[in-house]
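With our numbering, the residue at position 108 of the sequence shown is 1405, and numbering never jumps. For each residue, glycine too, the CB sits at the ideal point set by N, CA and C. These figures come from a predicted structure and were not determined experimentally. Have a look at the structure below, then the notes.
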Amino acid sequence: MVRQDALRLWCRKDWKLEAGAMEYTGSQYVGEFVDGRMEGDAEYILPTETKYIGEMKDGMFHGQGTLYFPNGSRFDAVWEKGLVVKGTYTFSDGLQYDPENWHYCDSYDRRFYTEICHGLKPAGISQLTNMDPPRKIPPGCYDCGDGFYNPNTRIVKDYNYRFLRNADDDEHEWIVRTCRKGWDETMGPEPKS
């Protein structure tokens, strides 16, 4: 297994690919090659810093492998020719998604996972997110689950303030309608002065 910071190609009669960064996609591959294709045990890092560690075949995820996401969650799966055969998603707090019996934060039970594990807070003390205490949202921004959204610039940045994406009109409308704000608003009738 070879790790390098840059892609190296060399030629005698044909081009051979060793290992390293992939200039055009911004991804990194650390692993084995067979006939110039990514194959065998590998680590594949996407530009979003999502990391795949597992088996590759013919340049695709194939066999046992795990996707590790920057927010701390993970997806353990069996892959076949780049497609998931069977997998389990685990949130960063340890909660595993169960597609058969998913009752987390639904109309039946609105508790957060941390409330299920550690109990409810006393009356009058609200828990606003699964993370307790919740993240501090920059003024004028929203917490959209994978980062902070600025409605003026329409940019989502991760929690370390690195660019994630530009929000389209649908995402903008959804975030403004449903996500937690970085400011307080008076709800109901205005108090008399």
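DSSP places Tyr1410 in the uninterrupted alpha helix (DSSP H) bounded by Tyr1410 to His1415.
Proximity to Glu1377 across Lys1433, Leu1343, Gly1444 and Asp1355 peaks at Asp1355, based on C-alpha coordinates. Within the region 1350-1396, the complete beta strand (DSSP E) runs of at least 3 residues fall at 1357-1365, 1371-1377 and 1380-1387. Put simply, of Ala1339, Asn1449, Pro1367 and Ser1370 the residue whose alpha carbon is nearest the alpha carbon of Gly1360 is Ala1339. For Ile1434, there is no enclosing alpha helix (DSSP H), as DSSP marks it with neither H nor E. Measuring C-alpha to C-alpha distances from Pro1430 to each of Tyr1439, Thr1411 and Arg1334 identifies Thr1411 as the nearest. Taken atom to atom, the span from the alpha-carbon of Asn1427 to that of Lys1433 is near 14 Å. Ile1452 has Asn1447 and Asn1463 as its beta-bridge partners, per DSSP.
With a 10 Å radius around the Cβ and a threshold of 16 neighbouring Cβ atoms, Tyr1446 comes out buried. Taking the C-beta atoms as reference points, Gln1325 is found no nearer than 7 Å to Ile1350.
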